[in-house]
Amino acid sequence: LGGGSDRGGDKFKFGVVTSLSGDLRFGGEVTRRGYDLWKKTINENGGIEVDGSSYEVELTYADAKSDPSTGADAASQMITSEKVDAVLGPYSSNVTLAVAPIMEKNQTPHISGSAESPRIWEEQYKHTFGTVPTVTLIARQAAEEILSLDPTAESVYVSGVNGPFSKATASAMRDAAENKGVEVLAYDLNPSDTDWTSVVSSAKSEDPDLHFHGGHIGSHVSLLKAADQLNYDPNGFFCHYGVNTSDFKDGLGGDASGTFGATVWLPSIERTGGKLFGSAADYAKAARDEFDQSPDYTQAASSAAGIVYQQALEELGAAPPLSDTEQSKLVSILEDIEVQTFYGDVTFDKEGDFYHNNTTTSPLPVQLQGDDDEAVVVGSSASASEANYPVSE
Amino acid sequence: MGTENDLTVRDRFQALLGRDDAHLWLFGIGAVVLAVLPFALSTFWTRIALGALMWIGLAQSWNMIGGYAGYLDFGHGAYFGVGAFVTGIVMVELELPFVAGLLIAGVFCAVLAYVVGVPTLRLSGAYFAIATWAFAEAIKELALILEITGGTYGMTFPTGPGTSGIPLVGWPDEMFFYYLMMVLTLGTIALAYFLFEHSEFGFRVKAIRDHEDAAQSLGIDATKIKRRVYVISCVIAALFGGANAYYITFIHPNDVLAPIITDQMIIMALLGGLGTIGGPIIGGVLIFLLNRLSSLFLGNTTIYLPLIGLLIMVTVLFAPSGVIGILRGEVGREDVKQNLRELAEKFDIL
Amino acid sequence: MVSTELLSQSIINGLLLGGIYVTVGVGFALVFGVLEIIDFAVGEYVMLGAFTGAIVAPMVGGEGLLVVPLAFVAFFLVGVVIQPFIHHVTTGDRPMPLLMGLVFTFGLATFMRGSILTIFGPNTRNVPTNALSGGIEIGGLGTFPEVRVVTAVVGVLSLVAFMYYLYRTTGGTAIRAIAEDRDIARLMGVNINRYQSIAYGVYAGLTATGGVFIGLIYSAGPGMGLQYTAFAFFMIVLAGLGYLPGIIISGIVLGLAQSLTAVYLGGELVFFVLFGMIYVLLLVRPEGLLGKGEVA
Amino acid sequence: MSADTPQQTSRSEASPPVLRAEGIVTGYGDHEVIHDVDIQSHEGITCLFGPNGSGKSTLLKTLNGIVPIWEGTITYGDVDLSNATPDEIVREGIATVPQGGGVFGTLTVEENLRVGGFTVSEQDAYRRRREEVLDAFPALEDKLGDRASSLSGGQQMMVSLGRAMMTGADTFLLDEPSAGLSPALVEDAFELVERLVDRGARVILIEQNVTAALRLADHVNILVAGELAFDGSPAELSDEEELMEVYLGL
Amino acid sequence: MSETLLQTDGLTKRFGALTANDEITLGVDRGEIRGLIGPNGSGKTTFFNSLTGFYTPDEGTVTFDGTDITGWESHRIAREGVGRTFQIAAPFGNMTVRQNMLAVQTPKSVDEHERAQEILEFLDIDHIADDDASGMSGGQKKLLGLGRVLMLDPECILLDEPTAGVNPALADRILEHLRELNDRGTTFMIIEHDMDVLKQIVDTVSVLDQGRHIVQGTFEEVSTDDRVREAYLGSADDDEVPV
Ligand SMILES: Nc1ncnc2c1ncn2[C@@H]1O[C@H](COP(=O)(O)OP(=O)(O)OP(=O)(O)O)[C@@H](O)[C@H]1O
Ligand SMILES: Nc1ncnc2c1ncn2[C@@H]1O[C@H](COP(=O)(O)OP(=O)(O)OP(=O)(O)O)[C@@H](O)[C@H]1O
Ligand SMILES: [Mg+2]
Ligand SMILES: [Mg+2]
């Protein structure tokens with residue numbers, strides 16, 4: 001028992017608190033792949049360079065088990081027993097909201113590569129940062145673009161799961177429609193394990209042009225299956241989060257084609273590129289080599305979180321282990337940082353509702369197309385493909 | 001070694017338990033050890049210890065209504081959650097300190113438990129179990145749609161100096177919560193001991209558990225006694241809920257009102273030994289540590305889930321009186337063999 | 001703007017949803033009423049059935065319906081092997097046998113759920129079917145999803161088959177005799193181990209079969225069982241404990257309450273209304289909606 | 001009344017085998033209740049008396065297989081039943097009428113009989129036995145479709161005895177068949193037992209209604225604290241004044 | 001001096017279509033031992049349940065010592081002074097025999113432990129005082145039921161077949177003790193099927209048939225009453241074979 005051993009100073013040590021078991025294990029695994037790939041690549045490149053000498057990166061994991069209080073204990077374990085220099089954060093807002101106060105108490109820097117809920121940033125935690133733009137931005141911007149597809153939609157049915165992330169998503173979708181002057185026929189929140197035929201029946205009787213849905217993968221699958229069973233087909237479904245995951249595609253077993261989604265990053269995307277991985281395509285290749293599957297934006301954002309630390313540490317110029325003052329300094333550096341990565345440009349807001357959230361990376365609408373349901377960017381951006389719209393199967 | 005050589009650890013334990021003042025001694029020694037413990041532990045381990053203390057207390061609170069009174073409360077966790085939210089609402093909306101929040105949560109849950117108890121305790125057996133379960137689920141769903149609980153966005157507690165309402169401690173750190181949980185848990189254990197093991201009240205509660213009609217015919221006011229036990233045990237759960245919420249600083253209905261909270265209390269009480277003082281202590285520590293520390297030993301896998309499942313099944317099969325039964329020598333090698341033989345007979349299905 | 005089409009569609013949805021609950025409730029009512037087992041693993045049999053569908057269907061030409069007989073037989077056998085354990089912990093000189101059975105099956109459920117999660121991961125999986133997709137539109141009434149209709153029919157048919165077995169055959173009579181007094185049934189020469197195992201096996205097989213259908217309707221995931229456990233309990237309470245035919249009524253009531261609440265009161269309220277309703281009904285009518293159950 | 005002219009079946013012509021238990025030791029958990037007891041089924045009615053808690057029911061339950069024995073042997077004729085299960089014992093021809101009758105209250109009378117005839121696989125044999133039972137207890141004929149719980153105590157006792165007869169047994173183990181019955185029904189119950197004997201069966205009978213039971217007894221055992229205190233004929237018992245007074249209250 | 005202690009007036013209890021107690025009007029005098037007989041299913045146990053608050057009577061009243069106790073909760077009735085036993089033994093199975101005794105809500109003044117020991121010795125179950133009650137034999141459970149109501153020490157005790165299944169030698173001693181208690185002022189009402197027992201102990205007998213109170217009188221009067229013979233005694237005191 002007792003505290004962790006005094007660690008040597010030859011490596012930067014990062015604690016990762018994420019859900020490796022429990023309901024959120026799927027998302028937790030995605031973040032883990034992102035963090036791992038960053039670590040592997042940077043160590044192959046010799047490590048983080050500080051004042052001419054390089055230091056390798058070490059990751060140590062603690063399982064939050066999808067439970068906030070376990071997450072808080074895990075965070076404490078990272079800081080007091082493992083004595084890490086900084087923390088890479090969990091998946092899901094509930095766990096993040098329990099972990100963040102521990103970071104405040106111990107004044108330890110903390111970047112999440114996956115948390116998207118606006119709730120986190122409203123709390124104005126000084127030590128917590130996030131590389132994924134909040135869903136309020138992602139869902140809204142993607143929705144607005146989808147609403148602009150031709151023929152322009154005149155009405156939309158918004159449904160969602162009554163969960164913190166999902167509700168924020170659905171309400172962002174609704175805001176987008178209201179912004180564009182499109183009639184919102186309903187804003188219909190449901191428990192995640194409800195029977196979605198009720199939503200589908202209500203929607204069908206309203207006969208909207210588009211159906212927007214905020215939720216996690218399980219609810220998308222149930223919703224779309226119910227729509228199929230009841231012969232409900234609007235011009236398109238826009239679901240967020242996770243249409244570009246194997247979980248979603250497997251869950252629907254081939255019926256996923258045509259579904260719209262939102263993302264901030266795709267393997268095929270054009271980004272300035274920068275540190276560690278030259279381009280999105282480079283990153284995607286490295287990820288496929290390592291894990292045998294395509295990365296999604298959560299994984300990319302998790303790797304980007306590592307890259308942000310990397311640049312911040314270089315700027316800090318202190319060798320590991322970091323002292324308390326160095327950790328505080330690292331936080332101030334993060335506040336002002338500007339990093340160019342394969343994932344996009346990353347900066348953190350310094351005030352407002354999105355305090356410490358990276359709102360720079362721009363969101364894009366995507367659609368699953370083709371035989372293997374590849375996600376392609378649609379909409380108005382330069383590189384966008386032609387959308388299949390109104391969706392025909 | 002001397003002549004005590006022949007005594008096994010179990011014999012000694014039994015000898016100790018056999019003494020009239022054994023309980024007092026155990027309690028005293030335990031309290032002293034607990035009081036100095038955090039000075040020997042790192043913050044992380046202090047957190048683990050305080051978590052274990054909380055679960056011991058929660059398991060004991062369930063044991064009061066479930067083990068001693070025999071009313072299988074499948075909605076006990078509702079009070080843990082309601083305690084958490086009431087504490088939070090008092091702190092956030094009324095901007096009162098934590099201590100006030102906790103007290104108000106206790107009183108609120110006492111009233112709630114009384115009001116709920118009057119009709120619900122008329123049911124028994126599976127009916128009571130299912131009714132309390134449905135009640136707890138309804139409470140959870142309510143918390144998810146109400147405005148004042150933060151709905152599905154959850155609730156964040158105010159932290160920082162002054163929010164606790166206790167002048168001695170500034171910023172509420174792990175030590176503060178450790179001693180808070182210690183006091184609550186030791187208090188719960190002492191209360192359970194005096195109520196159920198050291199008074200005629202205890203016999204009456206058990207009489208109701210074993211045969212309610214007969215108890216009534218002997219002048220025992222079953223309705224009142226059951227209600228009393230129910231209210232006490234619910235208030236204890238609420239106090240732990242409030243304390244835990246302030247400690248975690250963020251609560252969400254899906255977490256503090258999750259059915260798994262109740263399930264854990266039940267499993268802990270049962271695995272340790274129902275209707276005993278020691279059972280929930282042993283069960284609480286065992287299951288909590290297994291849950292929380294499994295990743296230290298087993299790596300990052302979910303294998304601890306089937307393992308806990310197996311552990312529960314094996315305990316019920318071979319040590320129906322729980323781990324405390326093993327310690328008391330009720331479950332020896334012979335009993336296990338006997339059990340196996342009887343079990344084998346039941347496989348005669350052709 | 002009340003649309004009659006939406007109303008009739010909601011009623012259809014509710015009734016068919018009730019059919020899904022019936023498939024889960026039937027077996028559960030049997031083990032509860034007859035074997036006096038409160039089986040916490042009921043939802044996990046549903047989950048295992050759905051998973052069997054997801055894994056086996058691709059091997060049999062992507063047709064989930066073909067998995068049904070296999071699931072029944074496989075889980076019948078599983079049930080036959082598990083029953084002696086449950087029998088063992090609910091008899092003998094154990095205190096609170098009801099609780100013992102409950103906790104044992106709770107352990108069993110945790111074991112099942114945890115094993116599947118560990119082996120197959122947390123992902124949702126599709127249970128494919130080609131035979132049943134889409135819905136049949138009936139003008140003026142609404143759409144009847146094929147897969148849900150078939151599920152409801154299977155649920156009701158298994159209830160009828162159960163009733164026939166219990167009330168018209170010697171084996172069923174023996175099972176009812178066991179329900180009343182195990183020892184006396186033994187004294188009449190009934191091999192109670194066998195008959196209890198058969199009953200539990202049929203329950204496990206049927207519930208897993210229901211699981212395959214539920215997989216076809218939704219999908220399969222390791223965490224899906226819990227809500228069916230809750231619903232199974234509520235089914236038998238509303239039916240009146242020990243009263244098998246009541247299962248149909250409780251399915252209909254639960255399904256309609258869920259569907260109509262979602263459409264007319266708001267989706268967020270569905271479970272609040274449902275759980276609240278069950279709680280209140282238990283307080284005012286513990287003998288079930290039809291008043292035919294036994295009250296403890 | 002048909003009691004006087006019982007239907008002779010092929011079974012009752014030869015006297016049934018002797019059910020013999022020797023050196024029986026058993027109990028519950030670690031607690032030994034029966035200490036080395038011998039008992040057997042004599043011709044006619046063998047009564048088993050004794051104080052409360054002396055182990056009468058326990059001893060009977062070793063004979064029907066509900067309570068396993070720790071030591072000793074149980075034989076039926078030349079069949080060894082020492083470790084047999086209740087259903088094997090029933091199949092050998094030994095039936096039990098549990099204390100209070102133990103009818104299945106939620107089942108109909110007909111269904112009770114069906115469960116009684118559970119071990120009879122042959123349809124003809126089943127029907128023949130059912131005839132015999134209804135012959136012996138004509139009062140049941142009208143009640144076949146009624147729930148057994150709706151019957152009066154005496155009728156329930158008939159169902160219980162009839163159900164035992166359905167098994168095809170010729171040795172009957174009866175645990176206090178008269179307890180709780182009104183005087184008229186006590187008479188009935190004893191009369192029913194006598195009818196069984198008239199049909200050639202052997203009966204082991206536990207009774208606290210000693211006076212009435214002694215009138216029927218062909219043989220008497222007295223069990224005291226798990227040991228046999230007396231084993232002999234009623235006539236011999238009347239010489240044992242102390243036994244009679246202390247244990248039987250006579 | 002004969003003064004009515006327990007009085008029912010038109011007491012009626014129905015179960016669906018069945019009227020288990022049909023307008024029973026019956027008074028028990030202070031200090032007497034009243035027998036209550038009737039065929040199986042005639043409503044005797046139901047009558048006790050209605051008297052002691054386990055059933056709420058559909059009609060009629062119960063008065064005890066001048067107080068109307070109709071509809072009271074059973075524990076209140078017990079504390080008021082009406083104790084009872086159960087026809088089917090109802091021990092607290094997971095407690096020891098002694099704890100069963102100590103659970104009883106006794107008046108504050110008595111030394112419960114001493115009293116419990118005395119009663120257990122008298123009933124001949126003191127040797128198993130510290131064993132679990134669930135392991136007792138059928139008769140022993142009945143004795144414990146009696147022991148517990150003696151702990152309660154009420155003014156009036158209702159006994160539901162106290163000697164059924166009890167060994168005759170012990171039954172005699174129980175009756176003797178009841179008589180002793182009666183001498184000291186306790187009033188009894190006893191349901192009993194054994195005519196020999198009744199003859200020894202009761203002052204008067206009430207007879208129920210099909211839920212109705214048909215006769216009341218001394219043992220002699222009742223046992224020669226035609227209605228009673230027909231409904232209840234059958235051939236017991238008669239040579240005619242019942243049909
Ligand atoms: N299931 C049991 N578990 C433990 N002990 C038991 C059990 N059943 C009976 N005993 C004990 O065994 C002894 C004998 O009990 P048994 O029921 O055989 O007595 P009995 O002679 O039939 O008495 P009675 O005339 O009261 O029915 C008693 O001391 C009783 O306490
Ligand atoms: N709770 C109940 N619900 C329905 N019917 C009942 C209930 N209790 C008793 N009865 C019925 O009421 C009638 C009277 O029963 P009760 O138990 O009072 O008879 P009893 O005179 O005590 O008979 P016994 O001498 O056999 O004990 C019976 O027909 C019985 O079936
Ligand atoms: Mg007996
Ligand atoms: Mg009675």
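Chains as they are written, first to last, in the working numbering: chain D, 1 to 393; chain X, 1 to 350; chain R, 1 to 296; chain S, 1 to 250; chain V, 1 to 243. Even glycine gets a Cβ: it sits at the ideal position worked out from N, Cα and C.
According to DSSP, which residues form a beta bridge with D:F11? A quick correction: the sequence has Lys, not Phe, at residue 11 of chain D. In the DSSP output, where bridge partners are listed per residue, D:K11 has D:E56.
First through last residue of the alpha helix (DSSP H) which encompasses R:H88: Where R:H88 is concerned, the enclosing alpha helix (DSSP H) starts and stops at V67 to V89.
For R:F271, would you say it is in contact with chain D, using Cβ-to-Cβ distances shorter than 8 Å as the test? yes
Taking only three categories from DSSP, how would you classify D:I337? coil
Do you know whose CA, among V:A231, V:E230 and V:I201, lies nearest V:F219's CA? V:I201
Since R:I247 contacts R:M235 with CB under 8 Å, what's their CB separation in whole angstroms? Here R:I247 really is in contact with R:M235; their C-beta atoms are around 6 Å apart, less than 8 Å.
Nearer than 7 Å: is that true of the beta carbon of S:K56 relative to any heavy atom of ligand 5? Looking for ligand 5 in the displayed structure turns up nothing; the ligands present are ligand 1, ligand 2, ligand 3 and ligand 4.
Closer than 8 Å, Cβ to Cβ, to anything on chain V: give me those residues from the segment 96-108 of chain S, in chain order. Within the segment 96-108 of chain S, the residues whose Cβ lies closer than 8 Å to some Cβ of chain V are Q99, listed in chain order.
Identify which residue in V:E221, V:H127 and V:V82 has its Cα closest to the Cα of V:D65. V:V82
Run the CB neighbour count on D:S383, radius 10 Å, all protein chains shown included, and call it buried at 16 or more, exposed below. Counting of Cβ neighbours within 10 angstroms places D:S383 among the exposed residues, the total staying below 16.
Look at the alpha carbon of D:G15 and the alpha carbon of D:S159, and state the distance between them as a whole number of angstroms. 37 Å
X:M265 vs X:H76 beta-carbon contact at 8 Å: yes
Mind checking who D:G130 pairs with in its DSSP beta bridge? D:S112 and D:N357
So with CB distances below 8 Å, who are the chain R contacts of S:V90? L187, M188 and G189
Measure the alpha-carbon distance for D:Y55 versus D:P321 and round it to whole angstroms. Rounded to the nearest whole angstrom, the CA to CA distance from D:Y55 to D:P321 is 10 Å.
Within 10 angstroms of its Cβ, does V:S94 collect 16 or more other Cβ (buried), or is it exposed? Position check: residue 94 of chain V holds Asn in this sequence, whereas Ser was assumed. Buried, because 16 or more other Cβ atoms sit within 10 Å of the Cβ of V:N94.
Kindly list the residues whose CB is nearer than 6 Å to the CB of X:P253, restricted to its own chain and excluding five residues on each side of it in sequence; keep chain order. K140, A143 and L144
Just the Cα atoms here: how many angstroms apart are D:S53 and D:S332? In a straight line, the C-alpha of D:S53 is about 23 Å away from that of D:S332.
Chain-ordered chain D contacts of R:E268 [CB-CB under 8 Å]: N162, L189, N190 and P191
So the alpha helix (DSSP H) R:F347 belongs to, where does it begin and stop? The requested residue 347 of chain R is not part of the displayed model; chain R covers only 1 to 296.
Between R:L238 and the rest of its own chain, which residues show a CB-CB distance below 8 Å, the 5 nearest in sequence each way excluded? So the list reads G246, I249, S250, V253, L254, I278, L281, G288 and L289, once near-sequence residues are dropped.
Could you tell me if the beta carbon of V:K44 falls within a distance shorter than 7 Å of some heavy atom in ligand 4? yes
8 Å Cβ cutoff, D:R119 in contact with chain X: At a cut-off of 8 Å between beta carbons, D:R119 contacts chain X.
Which runs of the beta strand (DSSP E) fall wholly inside the segment 277-349 of chain D and span at least 3 residues, in chain order? As far as the segment 277-349 of chain D is concerned, its whole beta strand (DSSP E) runs of at least 3 residues are 339-341 and 344-346.
Is D:P133 close to chain X, meaning its C-beta is less than 8 Å from at least one C-beta of that chain? no
I'd like to know if V:E220 contacts chain S, where contact means its C-beta is closer than 8 Å to some C-beta of that chain. no
N- and C-terminal bounds of the alpha helix (DSSP H) containing V:M189: From DSSP, V:M189 is part of no alpha helix (DSSP H) but of the beta strand (DSSP E) over T187 to I191.
The segment 77-97 of chain D in contact with the segment 342-349 of chain D per 3-pair CB rule at 8 Å: When Cβ pairs closer than 8 Å are counted between the two stretches, the segment 77-97 of chain D is seen not to touch the segment 342-349 of chain D, the count staying below three.
Determine the DSSP secondary structure at V:R184, reduced to helix, strand or coil. Reduced to three states, the DSSP call for V:R184 is coil.
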